[in-house]
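Engineer: One structure follows; several queries about it will come next.
Spelled out as structure tokens, the structure:
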């Protein structure tokens with residue numbers, strides 16, 4: 107695990123940031139945004155059955171939503187601290203990195219991954235998903251991304267520039283790329299990204315295509331917003347990648363600047379991006 111020292115002395119690696127979420131798994135579970143009900147309904151409606159393998163299930167946030175929609179869910183999670191929270195919520199979880207996980211001959215109607223596929227090798231992950239899906243099974247990978255207006259984006263970006271300039275990844279450093287019309291209700295076969303629409307989707311879709319096991323990946327988007335109190339937002343901030351590896355004083359300063367900027371409440375716009383693909387015959 108990365109030592110809690112200044113980034114100027116030790117820049118956390120990709121793996122260290124990935125492992126950092128389990129440092130406060132209960133906070134992660136309490137504060138992280140859930141996923142739109144419309145997304146859950148659309149994914150489950152596309153499945154040939156009701157069994158799901160949830161990759162990088164974390165504390166089981168998405169798994170619980172799919173379970174509530176009538177699905178049987180098994181989670182795979184590399185961090186035992188996160189998995190333990192999911193189990194307390196009644197989710198069955200096997201602890202392993204997905205690329206090395208042994209399916210032991212089991213198959214699932216869908217493979218899902220919420221906010222985690224960017225930690226998975228995109229080609230190895232797609233190949234592993236193909237091993238556990240039946241013909242017509244679906245791979246559905248999704249992320250909540252910020253879709254705030256320019257004023258909110260700049261307000262947060264300025265706080266990060268002043269208080270945490272060495273943070274390797276600031277969620278407010280760039281605007282979210284544009285995406286297709288959120289009102290597009292066409293089916294999977296008609297929702298194809300021409301590329302460059304979203305970095306999460308583009309990387310995932312590239313791995314899916316290179317595996318040669320799936321049809322053309324599709325892109326769905328869902329836009330929504332949520333109003334946070336000042337305390338709720340400041341409770342959420344440390345769960346973003348790398349934040350809880352900041353030295354305590356630097357994180358405290360960052361939270362102070364953010365709190366001063368937002369006042370009593372802040373409304374955050376989100377775009378949930380979903381990469382979907384059907385296993386080919």
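Numbering (this note's numbering), first residue to last: 107 to 387. Glycine included, each C-beta is placed from N, C-alpha and C at the ideal position.
(1) Can you tell me which of 347, 366 and 320 puts its alpha carbon nearest to the alpha carbon of residue 336?
(2) Below 8 Å on the Cβ atoms is my contact criterion, and I expect residue 245 with residue 217 to pass it. Report the Cβ-Cβ distance as a whole number of Å.
(3) Going by C-alpha distance, which of 243, 269 and 278 is nearest residue 258?
(4) How many whole angstroms separate the CB atoms of residue 175 and residue 141, which I take to be in contact at a CB cut-off of 8 Å?
(5) Could you give the C-beta distance for residue 373 and residue 333, rounded to a whole number, given that I count them as a contact under 8 Å?
(6) Report, in whole angstroms, the separation of the C-beta atoms of residue 342 and residue 265, which I expect to be a contact under 8 Å.
(7) Which residues in the same chain have their Cβ closer than 7 Å to the Cβ of residue 230, if we skip the five residues on either side of it in sequence?
(8) Can you tell me which of 233, 322 and 251 puts its alpha carbon nearest to the alpha carbon of residue 375?
(9) Keeping to the same chain, check which residues put their C-beta closer than 6 Å to that of residue 233; ignore five residues upstream and five downstream.
(10) Label residue 143 either buried or exposed according to how many other C-beta atoms from any shown protein chain fall within 10 Å of its C-beta, with 16 as the threshold for buried.
(11) Can residue 323 and residue 314 be called in contact, C-beta distance under 7 Å?
(12) Hey, how far is the Cα of residue 356 from the Cα of residue 270?
(13) Do you know how far the Cα of residue 235 is from the Cα of residue 210?
(14) Look at the Cβ atom of residue 223, then the Cβ atom of residue 247, and state whether they are nearer than 7 Å.
(15) Using a Cβ-Cβ cut-off of 7 Å (strictly less than) and excluding sequence neighbours within five positions of residue 227, which residues of its own chain qualify?
(16) Could you check what DSSP says for residue 253 in three-state terms: helix, strand or coil?
(17) How many Å lie between residue 363 and residue 273 at the Cα?
(18) Just mark residue 275 as buried or exposed, buried being the case when its beta carbon has 16 or more other beta carbons within 10 Å.
(19) Nearest to residue 152 by CA position, among 242, 347, 186 and 339, is which residue?
(20) Just checking my contact of residue 131 with residue 165 at CB under 8 Å: how many whole Å lie between their CB atoms?
(21) Residue 157 bridges to which residues according to DSSP?
(22) Can you tell me the Cα-Cα spacing of residue 201 and residue 184, whole angstroms?
(23) In this structure, how does DSSP classify residue 226 when only helix, strand and coil are distinguished?
(24) Indicate whether residue 173 and residue 195 have their beta-carbon atoms separated by less than 7 Å.
(25) Under three-state DSSP, which class holds residue 183?
(26) Compute the distance between the beta-carbons of residue 249 and residue 379, then report whether it is under 7 Å.
(27) If you follow the beta strand (DSSP E) that residue 325 is in, where does it begin and where does it stop?
Structural biologist: In short, the structure shows the following:
(1) 366
(2) The C-beta distance from residue 245 to residue 217 rounds to 5 Å, short enough to fall under 8 Å.
(3) 278
(4) With 8 Å as the limit, residue 175 and residue 141 do not qualify as a contact, their Cβ atoms being about 11 Å apart.
(5) 5 Å
(6) Contact flag wrong, Cβ pair sits at about 14 Å.
(7) 205
(8) 251
(9) 317
(10) exposed
(11) Yes, they are a contact pair.
(12) 7 Å
(13) 13 Å
(14) yes
(15) 205
(16) Judged by DSSP in its simplified three-state form, residue 253 adopts coil rather than helix or strand.
(17) 15 Å
(18) Answer is exposed; the Cβ neighbour count stays below 16.
(19) 242
(20) 6 Å
(21) 178
(22) 5 Å
(23) coil
(24) no
(25) In this structure, residue 183 counts as strand in the three-state DSSP scheme.
(26) yes
(27) Per DSSP, residue 325 belongs to the beta strand (DSSP E) from 324-335.
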